[in-house]
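First the structure, in the form of structure tokens, and then the observations on it.
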Amino acid sequence: MKPKKKSEFSKLPSGDKALLIVAYTILGLFLVAIILPIIYIIFASFIDPVTLQNSGLTFDFSKWTLTAYERVLGNAQIWVGFKNALIYSVLFTIISVVVTLLAAYPMSRADFKGRGFFNTIFVITMFFGGGLIPTYLLISNLGMLDTIWAILIPGAFSVWNMIIARTYYMGIPRDLQEAAEIDGATEMVYFFQILLPVCTPIIATISMWQFVGMWNSYFDAMIYLNSASKQPLQLVLRAILIQSQPEPGMVSDMQSTAARAQLAELLKYATIIISSLPLMIMYPFFQKYFDNGIMAGAVKG
Amino acid sequence: MKKTPESAAAGSGGNSKTHNTLVYIRQHWQLYVIFMLPAFLLTIIFRYIPMGGIAIAFTEYNPIRGIFGSEWVGFEHFHRFLSSPDFMRYLVNTLKLSVFGLLWGFPAPILLAFLLNRILSAKTKQKIQLVLYMPNFISVIVLCGIVRILLAPTGMINMMLGTSFNFMTMPSAFRTIYIASGIWQGAGWASIIYTAALSNASKELKEAAVIDGANIIQQIQAVEWPAIKDTVLIQFIMSVGNIMSVGFEKAYALQTDLNLNASEIISTYVYKKGLLDGDYGFSTAVGLFNTVINVILLVTMNSLVKKMNDGKGI
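Each protein sequence line maps, in turn, to chains A and B. Mapping of the first sequence onto numbering that gives the first Met the number 0: residues 0 to 300, in sequence order. Mapping of the second sequence onto numbering that gives the first Met the number 0: residues 0 to 313, in sequence order.
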């Protein structure tokens, strides 16, 4: 974190030097604060529950164990959760991105008649809504309770993402569109063959947001889904991490209640690692899309 | 429906206005049927129909009888809620959580962006950003799981302090836990927008300032702060507008039976009253109350921005 070239640093006035040292220290502390808990959880996940409770972290590797990982990975409900989370997230991302990108196109055209009307209709929903109970009763009346559709459909159209996509479309040079119109291209041809291919950064960004958002949320699944077979990962995690009620199969072979409780604690560490790993591995590959997506929103912001 | 005052005004007047619009719609029907219809239907069905359901707030709602068959009780639910001693507590809990959250949480990403801007090597900066952004990809449940583990009587924090507090059961600790974990998770991610604004600060201006012998404080005053001032303002207004919409998911996942005094907020109360107790009418009334305050805040803040920002609202 120190400046690479020493000469550059030493050339600075002394007030600046002091300021830089303070700045790097604060930044360093923040980084430590982020990393430390994660490292603690990683180490603790390998340690035998009795040892962990009595003496904390130990580097006596004879006390280390993979029990927690075996039990968590050996439990069917975790895999059901992973499978459901993947299905919901992929389908939701596809539906949501398609609907949003389509709607953003007419909204990006100055000549689109009805633009003001649609804009008003959409923007109102960003500020005002029916609330929990009316929405729940609607989903119930539509017969969507305990079906995958309750998760995928109601939130599929995101006004905020539509605004971001629209702003991005409007930044595409007009001559591209004019060229397309001279060729007699229809809306569909222009949209799919000319506009979308140059919008991949924003499509990737919105897709990432929707995927991560669905993968990490639990509220809709909690209120709309009852069947254990339909639960996404976050609900399975909630039982283990928040309610301290792991799947019966994970701890039931333990004889005493105390041993079961201890094991339930240990399972938390391994569960955190296992469930967070997929996104932790994936997100660095998306890093290049972070900035432009946020900036696209800021232009309108 | 597809003709609006705006679009009509854009026409040339009289009958030809309507005619032009019809011709346009006929020529560009794909824009309406293929591009617009899915989003429009989703919005009407899942956003506007529930708005009609707000009527439930004024009834003793009975799911079997439906809205019109249920007994109309007027503002009784609002009276019951507003006059109950719990009301003040939930409202204050909600407000404290968001106001203090804003007070601590808002400056954090700005500070981070300024700090990051002092890292000269682009590669180092990118590595640091990768670490800073990481917590954003942890789910609410896992975050709260980590918080509960670290704050347990035998957890890491107590180990470091040499104590054995059970923080999760202390109402007085709830807000600190909520806000600090929010900064831990979100400050890095939120700094992106400021980092981007800072990198847009004119390089020449900055170089000129450095050649003129400006020290870091002067650089910040003359070049960097002006570059992000607008972004800061807009972000601030948007945060204030959202002050009543404290997220349900995290508050609920950090609640324990013993910290409810501080952790019960309006959204968790609406959920418990409505879906767990089945008191639909009352729950809808409380939710509506929350939404209305939120709208008032947003409209006020938006008109403030307009005044400060030469007529440009959000």
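Where is the CB? At the ideal position from N, CA and C, for every residue including glycine. Only a predicted model underlies this, so the values are computations on that prediction, with no experimental measurement involved.
Check your understanding: Taking a cut of 7 Å between CB atoms, which residues from the region 224-248 of chain A lie near chain B?
Key -> Gln-233, Leu-236, Arg-237, Leu-240, Ile-241
Exercise for review: Check Asn-83 (chain A) in the structure and name its three-state DSSP category.
Suggested key: helix
Review point. Can you tell which of B:Leu-149, B:Gln-220, B:Ser-244 has the C-alpha that lies nearest to the C-alpha of Ile-292 (chain B)?
Key: B:Ser-244
Exercise for review: For Val-122 (chain A), count neighbouring Cβ atoms within 10 angstroms of its own Cβ and tell me buried if that reaches 16, exposed if not.
Suggested key: exposed
Review point. So, using beta-carbon positions, are Ile-182 (chain B) and Ala-107 (chain B) closer together than 8 Å?
Key: yes
Check your understanding: Would a check of beta-carbon distances place Ser-274 (chain A) closer than 8 Å to chain B?
Key -> yes
Review point. Taking all protein chains shown into account, do 16 or more other C-beta atoms lie within 10 angstroms of the C-beta of Phe-191 (chain A), making it buried, or fewer, making it exposed?
Key: exposed
Review point. Can you round the beta-carbon distance between Val-231 (chain B) and Ser-180 (chain B) to whole angstroms, since I take them to be within the 8 Å contact cut?
Key: Incorrect: roughly 24 Å between the Cβ atoms, too far for contact.
Review point. When you compare each of B:Leu-94, B:Glu-206, B:Ala-56 to Ser-262 (chain B) by their alpha carbons, which one comes out closest?
Key: B:Leu-94
Exercise for review: Let me know the alpha helix (DSSP H) ranges lying completely inside the region 142-174 of chain B, each 4 residues or longer, listed in chain order.
Suggested key: 155-160
Review point. Since Ala-129 (chain A) meets chain B, which of its residues come closer than 7 Å, beta carbon to beta carbon?
Key: Reading off the sequence shown, one finds Gly at residue 129 (chain A), where the question assumed Ala. Under the 7 Å cutoff, chain B gives Pro-49, Met-50, Gly-52, Ile-53.
Point to revise | Cα-Cα separation, Ala-155 (chain A) to Val-79 (chain A) | key: 23 Å
Check your understanding: Counting Cβ pairs closer than 8 Å, one from the region 262-278 of chain B and one from the region 122-137 of chain B, do we hit at least three?
Key -> no
Review point. Can you give the Cα-Cα distance for Phe-166 (chain B) and Gly-187 (chain B), rounded to whole angstroms?
Key: 25 Å
Practice item. For the alpha helix (DSSP H) containing Leu-35 (chain A), list its first residue and its last residue. Key: 13-43
Point to revise | Straight-line gap, Phe-210 (chain A) to Trp-63 (chain A) (C-alpha atoms, nearest Å) | key: 35 Å
Check your understanding: Cβ-heavy atom distance between Leu-111 (chain B) and the ligand SAH below 7 Å?
Key -> Ligands are entirely absent from the displayed structure, and the ligand SAH is therefore not among its contents.
Check your understanding: If you drop the 5 nearest sequence neighbours on each side, which residues of the same chain put their C-beta closer than 8 Å to that of Gln-242 (chain A)?
Key -> none
Review point. Can you list, in chain order, the residues of the region 28-41 of chain B whose Cβ is nearer than 8 Å to any Cβ on chain A?
Key: Gln-29, Leu-30, Tyr-31, Ile-33, Phe-34, Met-35, Pro-37, Ala-38, Phe-39, Leu-41
Exercise for review: Tell me, to the nearest whole angstrom, how far the beta carbon of Leu-204 (chain B) is from that of Asn-116 (chain B); I am working on the premise that it is less than 8 Å.
Suggested key: Not confirmed; about 14 Å, so no contact.
**Study point:** Residues of its chain near Leu-355 (chain B), where Cβ-Cβ distance is below 8 Å and the 5 sequence neighbours each way are ignored
**Key:** Here chain B has residues from 0 to 313 only, and residue 355 (chain B) is not among them.
Point to revise | Residue burial classification, Ala-149 (chain A) (beta-carbon count within 10 angstroms, cutoff 16) | key: buried
Review point. Does DSSP put Ala-9 (chain B) in a helix, in a strand, or in coil?
Key: Residue placement at Ala-9 (chain B) is flagged as unreliable, the pLDDT there being 45, under the threshold of 50; a coordinate-derived value is accordingly withheld.
Exercise for review: Would you mind giving the Cβ-Cβ distance between Met-378 (chain A) and Phe-91 (chain A), rounded to the nearest angstrom? I have them listed as a contact below 8 Å.
Suggested key: Since the first and last residues shown for chain A are 0 and 300, residue 378 (chain A) lies out of range.
Check your understanding: Is Glu-246 (chain A) helix, strand or coil by DSSP?
Key -> coil
Review point. Hey, how far is the Cα of Tyr-268 (chain B) from the Cα of Pro-277 (chain A)?
Key: 34 Å
Review point. Under 8 Å between C-beta atoms, does Trp-183 (chain B) make it to chain A?
Key: yes
Check your understanding: Thinking just about the alpha-carbon of each residue, which of A:Asp-145, A:Lys-112, A:Ser-251, A:Ile-205 is nearest to the one in Trp-28 (chain B)?
Key -> A:Lys-112
Practice item. Ignore the nearest five residues each way along the sequence and tell me which others in Ser-302 (chain B)'s own chain have a CB closer than 7 Å to its CB. Key: none
Check your understanding: Could you give the uninterrupted runs of the beta strand (DSSP E) lying entirely in the region 143-194 of chain A, keeping only those of 3 residues or more?
Key -> none
Review point. Distance, Cα to Cα, Gly-250 (chain A) vs Gln-76 (chain A)?
Key: The amino acid at residue 250 (chain A) is misidentified as Gly; the sequence shows Val. Cα-Cα distance, rounded: 13 Å.
Check your understanding: List, in order along the chain, the chain B residues whose C-beta lies closer than 8 Å to that of Thr-134 (chain A)?
Key -> Phe-45, Pro-49, Gly-52
**Study point:** Minimum Cβ-Cβ distance from Ile-120 (chain A) to chain B less than 8 Å
**Key:** yes
Exercise for review: Compare the C-beta of Val-130 (chain B) with all C-beta atoms of chain A and state if any pair is closer than 8 Å.
Suggested key: yes
Check your understanding: Expressed to the nearest angstrom, what Euclidean distance is found between the alpha-carbon atoms of Ala-207 (chain B) and Tyr-23 (chain A)?
Key -> 25 Å
Review point. Considering only C-alpha positions, which residue in the set A:Ser-255, A:Gln-52, A:Asp-15 is nearest to Gly-154 (chain B)?
Key: A:Gln-52
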